[in-house]
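S.K.: Residue numbers (the working numbering), protein chains in the order written: chain X, 245 to 462; chain R, 245 to 462.
Ideal Cβ positions, reconstructed from N, Cα and C, are used throughout, including at glycine.
None of these values were measured; they are calculated from a predicted model.
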DNA sequence: TTTGAAGTATTAACAGTGTTAAGTATCTTT
DNA sequence: AAAGATACTTAACACTGTTAATACTTCAAA
């Protein structure tokens, strides 16, 4: 009886601890999406969960620890978006849809994207704790790789190594996303712009360019 | 006589002022290359030129102003590397060499590359002062674009819009550079790695992948 | 029931950041 | 010699991430 009671209580404590840990992450995420990465500080997060700044350090080792957890959230979100493509039977069509989802994700969640694929914070955390295996990234890459393999079974991407194709596709998508996000595309002015197509939005233009690459690789 | 003397003195003063401005930039560059971007502060730079931190603000509006000047230095360096390709007559060979130089530049000067194509500091400076025309980037892009046009005159890159090809090439190179720099490639572990080629270094592997893309676009 | 030990949260502080306002020399001009 | 411009510095503001020391609460054993 006594024991059961104790266990119940310590269970509740554990639950409450987990709960606060989650609330800290939620607060961090909210601030992050409101004001961007650079602008959210430990003190900001602490204020929002109504605890002292130092309390956060009882739940997360340091800021990178929070940043890593957020980066994981980002991957969960991306995986969720990717779920719908499982129904597409032909690997090439699936590839095209995955590309569209990837580009759209970056467009709609630039701060998450930055954390997942650009910032060094999360990757430093990986190197300190997981002995150089970036699970989230590896999983995502392998989804792409498997898809390339399937395409090759259908006779596509002939005479190319699958890792080669995967690297090209990922790099191109990543390059397009980041050049766009970091405003390196809109600030470029063409000397000779007779073929400008102003009715197309930048993301549409990017997607079409990528598709024309894919068609060529095919 | 008096006037000449005065002019000479004020000339010297002006020269000294310009000189200090340059010395500040040199100090910034040195620190930047030694310790990286994140780790160099205004106070660091000031200490190195042996002036008070606030003096820097008499020569540069703010830190972004210095960062923008450094970003320009980076472009000068890249342009210098590119100079050698002018002698290559065939546009496709020229393109391949340009790609190699671009990748090598990013590999050897990751901090400069970051400033030129990733960080938002310099581009913010552009938006505040130059009404959205990123000269350095525009010039670099147009070099690529002109090269694509020349290739098409030789019958290459058929049925593709030149801006499309340019975007694909730049994005792929940029994506490869940044994924590598930001350690997103080395931390990925393959589930199925029967075709791993360990005797090749990452930069070599990247270059070869890019060339196989180019051959396919051709 | 008291005592001591965990566990949890806080205050104060450190060492740093970019940046500005105010003050101080020095040198030029009237 | 007095007034003014120029060049520079000191002091300060409002932040940042993070740690050490301290308090408060809860709980188990003596």
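If you follow the alpha helix (DSSP H) that residue 378/R is in, where does it begin and where does it stop?
M.R.: Working through the second chain from its first residue, we reach residue 378/R at position 134. Note, residue 378/R: premise wrong, no alpha helix (DSSP H); not H, not E.
S.K.: Would you say residue 287/R lies against chain X (beta-carbon separation less than 9 Å)?
M.R.: In the second chain, residue 287/R corresponds to position 43, counting from 1. No, residue 287/R does not count as interfacial toward chain X.
S.K.: What are the start and end residues of the alpha helix (DSSP H) that includes residue 334/X?
M.R.: Within the first chain, numbered from 1, the residue matching residue 334/X stands at position 90. Element bounds for residue 334/X: n/a, residue is neither H nor E.
S.K.: Within 9 Å of any Cβ in chain R, is that where the Cβ of residue 431/X sits?
M.R.: Locating residue 431/X in the first chain gives position 187, where the first residue counts as 1. Output row for residue 431/X: interface = yes.
S.K.: Could you have a look at residue 300/X and say whether DSSP puts it in helix, strand or coil?
M.R.: As a first step, residue 300/X must be located in the first chain, where it is residue number 56. Three-state result, residue 300/X: helix.
S.K.: Is DSSP giving residue 273/X helix, strand or coil here?
M.R.: Position 29 of the first chain, counted from the start, is the residue given in the question as residue 273/X. Residue 273/X: helix per DSSP, three-state reduction.
S.K.: For chain X, find out if any of its Cβ atoms is closer than 9 Å to the Cβ of residue 435/R; answer yes or no.
M.R.: Here residue 435/R is taken as the residue at index 191 of the second chain, counted from 1. Yes, contact with chain X.
S.K.: Does DSSP put residue 435/R in a helix, a strand or coil?
M.R.: Translated into the one-based positions of the second chain, residue 435/R becomes position 191. Residue 435/R falls in the coil class under three-state DSSP.
S.K.: Compare the C-beta of residue 352/R against all C-beta atoms of chain X and say whether one is closer than 9 Å.
M.R.: Counting from 1 along the second chain, the entry for residue 352/R is found at position 108. So no, residue 352/R is outside the interface.
S.K.: Going by DSSP in three states, residue 401/X sits in which element: helix, strand or coil?
M.R.: As a working mapping, residue 401/X is identified with position 157 in the first chain. Reduced to three states, the DSSP call for residue 401/X is coil.
S.K.: Please check the pair residue 350/R and residue 421/R, which I expect to be a contact at CB under 8 Å, by giving their CB distance rounded to whole angstroms.
M.R.: Numbered from its first residue, the second chain carries residue 350/R at position 106. Numbered from its first residue, the second chain carries residue 421/R at position 177. Indeed they touch by this definition, with Cβ atoms about 4 Å apart.
S.K.: Which residue marks the beginning of the alpha helix (DSSP H) containing residue 287/X, and which one marks its end?
M.R.: Residue 287/X sits at position 43 when you count from the first residue of the first chain. Residues 286 to 293.
S.K.: What is the rounded straight-line gap between the Cα of residue 279/X and the Cα of residue 273/X?
M.R.: Working through the first chain from its first residue, we reach residue 279/X at position 35. Working through the first chain from its first residue, we reach residue 273/X at position 29. About 10 Å.
S.K.: Confirm, please, whether the CB-CB distance from residue 424/X to residue 455/X is below 9 Å.
M.R.: Here residue 455/X corresponds to residue number 211 of the first chain, with the count starting at 1. Here residue 424/X corresponds to residue number 180 of the first chain, with the count starting at 1. Going by C-beta atoms, residue 455/X is not nearer than 9 Å to residue 424/X.
S.K.: If you compare alpha carbons, which of 284/X, 408/X and 322/X is closest to residue 352/X?
M.R.: Here residue 352/X corresponds to residue number 108 of the first chain, with the count starting at 1. Ranking the options by Cα distance to residue 352/X, first place goes to 322/X.
S.K.: For residue 312/X versus residue 370/X, is the C-beta distance shorter than 9 Å?
M.R.: By one-based count along the first chain, residue 312/X stands at place 68. By one-based count along the first chain, residue 370/X stands at place 126. Taking 9 Å as the Cβ cut-off, residue 312/X and residue 370/X qualify as a contacting pair.
S.K.: Label residue 308/R either buried or exposed according to how many other C-beta atoms from any shown protein chain fall within 10 Å of its C-beta, with 16 as the threshold for buried.
M.R.: Here residue 308/R corresponds to residue number 64 of the second chain, with the count starting at 1. Flag for residue 308/R reads buried.
S.K.: Taking only the alpha-carbon atoms, compute the straight-line gap between residue 408/X and residue 416/R and give it to the nearest angstrom.
M.R.: One-based indexing of the first chain puts residue 408/X at position 164. One-based indexing of the second chain puts residue 416/R at position 172. Taking the straight line from one Cα to the other gives about 12 Å.
S.K.: Could you please give the first and the last residue of the uninterrupted alpha helix (DSSP H) stretch that includes residue 453/X?
M.R.: Taking the first residue of the first chain as 1, we reach residue 453/X at position 209. Counting along the chain, the alpha helix (DSSP H) containing residue 453/X begins and ends at 446 to 461.
S.K.: Look at the alpha carbon of residue 429/X and the alpha carbon of residue 299/X, and state the distance between them as a whole number of angstroms.
M.R.: Start at 1 with the first residue of the first chain, and residue 429/X comes out as number 185. Start at 1 with the first residue of the first chain, and residue 299/X comes out as number 55. Taking the straight line joining both Cα atoms gives about 42 Å.
S.K.: I'd like to know whether the C-beta of residue 248/R is nearer than 9 Å to at least one C-beta of chain X.
M.R.: Here residue 248/R refers to the residue found at position 4 when the second chain is read from its first residue. For residue 248/R, the predicted structure reports a pLDDT of 45, less than 50, and the residue's modelled location is therefore unreliable. A value from the coordinates is still provided. Output row for residue 248/R: interface = no.
S.K.: Drop a sphere of 10 angstroms on the beta-carbon of residue 406/X, count the other beta-carbons inside from all chains shown, and report buried for 16 or more, exposed for fewer.
M.R.: Here residue 406/X refers to the residue found at position 162 of the first chain. Its Cβ being crowded by 16 or more others within 10 Å, residue 406/X is buried.
S.K.: Using 8 Å for Cβ pairs, my map puts residue 207/X next to residue 355/X. What's the rounded Cβ distance?
M.R.: Chain X is shown from 245 up to 462; residue 207/X falls before or after that span and cannot be answered.
S.K.: Return no unless some Cβ of chain X is closer than 9 Å to the Cβ of residue 386/R.
M.R.: Taking the first residue of the second chain as position 1, residue 386/R is located at position 142. Residue 386/R counts as touching chain X.
S.K.: Between residue 453/R and chain X, is any beta-carbon pair separated by less than 9 Å?
M.R.: One-based indexing of the second chain puts residue 453/R at position 209. Residue 453/R counts as touching chain X.
S.K.: DSSP on residue 282/X, reduced to helix/strand/coil?
M.R.: Position 38 of the first chain holds residue 282/X. Coil, per DSSP.
S.K.: Looking only at C-alpha atoms, which of 330/R, 459/R, 347/R and 431/R sits nearest to residue 404/X?
M.R.: Here residue 404/X refers to the residue found at position 160 of the first chain. The option with the nearest alpha carbon to residue 404/X is 459/R.
S.K.: Does DSSP put residue 308/X in a helix, in a strand, or in coil?
M.R.: The count along the first chain starts at 1 and reaches residue 308/X at position 64. Residue state, collapsed to three classes: helix.
S.K.: Considering Cα atoms alone, identify which of 392/X, 375/X and 419/X is closest to residue 461/X.
M.R.: The residue given as residue 461/X occupies position 217 in the first chain. Out of 392/X, 375/X and 419/X, 392/X has the C-alpha closest to the C-alpha of residue 461/X.
S.K.: Alpha carbon to alpha carbon, how far is residue 318/R from residue 331/R? Give it in angstroms, no decimals.
M.R.: Taking the second chain and counting its residues from 1, one reaches residue 331/R at position 87. Taking the second chain and counting its residues from 1, one reaches residue 318/R at position 74. Those two C-alpha atoms are separated by around 23 Å.
S.K.: Shorter than 9 Å from the beta carbon of residue 245/R to some beta carbon of chain X?
M.R.: Start at 1 with the first residue of the second chain, and residue 245/R comes out as number 1. Its pLDDT being 35, under 50, residue 245/R is placed unreliably in this model, and the value from its coordinates should be taken loosely. By this cut-off, residue 245/R is not an interface position.
S.K.: On a CA-only basis, which of 302/R, 432/R and 283/R is nearest residue 261/R? Give me that one, please.
M.R.: Position 17 of the second chain, counted from the first residue, corresponds to residue 261/R. For residue 261/R, the nearest C-alpha among the options comes from 302/R.
S.K.: How many angstroms separate the CA atom of residue 432/R from the CA atom of residue 376/X?
M.R.: Locating residue 432/R in the second chain gives position 188, where the first residue counts as 1. Locating residue 376/X in the first chain gives position 132, where the first residue counts as 1. Cα to Cα, residue 432/R sits roughly 8 Å from residue 376/X.
S.K.: Secondary structure at residue 464/R, three-state DSSP: helix, strand or coil?
M.R.: Outside the displayed range of chain R (245 to 462) lies residue 464/R, so it cannot be described from this structure.
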